[in-house]
Ligand code: IFM
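This is how it looks when you write it as structure tokens:
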């Protein structure tokens, strides 16, 4: 079903919840949704019986679904997850270096070194992309490589790395797409409060100006911030990600300051005079009511999962129903957010964009108490409830609810291998990608303006707190030898790119 937000829902003003219930609810945010969702849906007498109404089941055609001319089919990575070489050539320390160095934070004790050693093997990786015929490559710039302390002095060696990468991509006919921030905040900025501090937003805009100055010829999407929801909810809420903070008020501050940083970076990118197509990457997911009386909680959870980010960026207002003490809400005092928002902030945050980047992994259910529950099968990432039609619903919903939204690009969509060792015979990923690409083609056929799709991820990499145990790549990486081997999904995807069409199953 499509949850139609009831924009008349008013926030409550009562006191915030106890620290314990805060923590429990906060665990639901972003990637950390997993544990709590699973806990909530353990089969047994108390398991809710879901009443889910989705859009009618859709049967894909038996013939290939052609994508529009100019539609970019690519793959994505992020700096910390693939680059390695965390101390090379003047790179500064990021919050993920600090976090991963603490035993117990990352599974198996993995760190950002060597990751997929992409900092040294980038030429080989561009060749790999060219062999697959990819039309686009979305990568992120590591802020601490470019500005080791997060402000001031620029590290030319870091800038040069991305310059060389872009040059080679352009030579090979692969359109680069730049993400400015994919979670690797310079540690010195965290020492001054990180995203809970307003000043970080201004430092981010300065950094954006440096990067666009170096890469003015990148005409693919320029994405300011990757998944501000995950950083806020998992980095500052559950503490499962760097910087490992567990504080609901800092979490709310991290929402606002990242969005403000986005808006200020948009100004910096525009001021550069480069023809950057600017956007932000939001991870969105449909929220379905699960069980009797869950509709209101699901609408509030939709505010938390989706509208807390879509509304300020696309209409310049925060929703009234995301924060409070009612089921499904972020258990903070709404006055905390009000106090952060200064005159002009929302105008800055809602400056017109050229693209909206949507990242889609699945859906969630919410019961009447606001607890996340499992309604669909999960992948090996337990937070990921796989439901391809949810991607279609998301695209149509954002188009319909935000008529002034710019064209969409899908900048992440994927699934981990079933085994920690990884496999190159990943039939499950092929089925996943096919089903999701069919929903993209369906949305396009229904008039949604989607311009690109980037599979997550090009390479097996460091999956944050899951370390090397979850492999999301189209290409297998042997982390000992760093040998790359395209999986069955890479070969299948290369065929999709070549045909410019999604074949039937
Ligand atoms: O690996 C992450 C990526 O960095 C951000 N989006 C979700 C992916 C899978 O968890």
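Residue numbers (my numbering): 1341 to 1845.
Heads up, the beta-carbon is just placed ideally off N, CA and C, and yes, glycines get one too.
Item	Value
Any 3 or more C-beta pairs closer than 8 Å across the segment 1667–1678 and the segment 1599–1607	no
Residue 1397 beta carbon less than 9 Å from that of residue 1806	no
Inter-stretch contact (C-beta, 8 Å, three-pair minimum) for the segment 1635–1644 and the segment 1665–1674	yes
CB of residue 1630 within 9 Å of CB of residue 1736, strictly	no
Proximity below 9 Å, CB of residue 1523 to CB of residue 1435	yes
Heavy atom of the ligand IFM within 8 Å of residue 1701 beta-carbon	yes
Closer than 9 Å to chain C by CB, residue 1740	This model lacks chain C altogether, as it is built from one protein chain only.
Among 1433, 1482, 1477, the one whose alpha carbon lies nearest that of residue 1510	1477
Assigned secondary structure, residue 1652 (DSSP; H/G/I helix, E/B strand, else coil)	helix
Closest residue to residue 1409 among 1772, 1811, 1469, 1781 (Cα-Cα distance)	1781
Any non-hydrogen atom of the ligand IFM closer than 8 Å to residue 1421 Cβ	yes
Residue interval of the beta strand (DSSP E) (run including residue 1750)	1748–1752
Cβ-based neighbour list, residue 1321, same chain, cut-off 8 Å, excluding 5 preceding and 5 following	Given a span of 1341 to 1845 for the chain in the structure shown, any question on residue 1321 remains unanswerable.
Touch test, the segment 1453–1466 against the segment 1421–1434, Cβ-Cβ under 8 Å, three pairs minimum	yes
As assigned by DSSP and simplified to three states, the class of residue 1562	strand
heavy atom of the ligand IFM below 8 Å from residue 1522 C-beta	yes
Euclidean distance between Cα positions of residue 1287 and residue 1809	There is no way to answer for residue 1287, as the model of the chain reaches only from 1341 to 1845.
Residue 1582 versus residue 1648: straight-line alpha-carbon distance, rounded	21 Å
Distance cut-off 8 Å: residue 1768 Cβ against heavy atoms of the ligand IFM	no
Euclidean distance between Cα positions of residue 1496 and residue 1536	29 Å
beta-carbon residue 1829 near the ligand IFM non-hydrogen atom, thresh 8 Å	no
CB-CB length for residue 1844 against residue 1402, believed under 8 Å	5 Å
Rounded Cβ spacing between residue 1529 and residue 1543 (contact assumed at less than 8 Å)	6 Å
Buried or exposed by the 16-neighbour rule on C-beta atoms within 10 Å, applied to residue 1517	buried
Run of the beta strand (DSSP E) containing residue 1658, from where it starts to where it stops	First-last for residue 1658: undefined, no H or E at that position.
For residue 1459 and residue 1420, the rounded distance between their alpha carbons	10 Å
Where the beta strand (DSSP E) containing residue 1796 begins and where it ends	1790–1796
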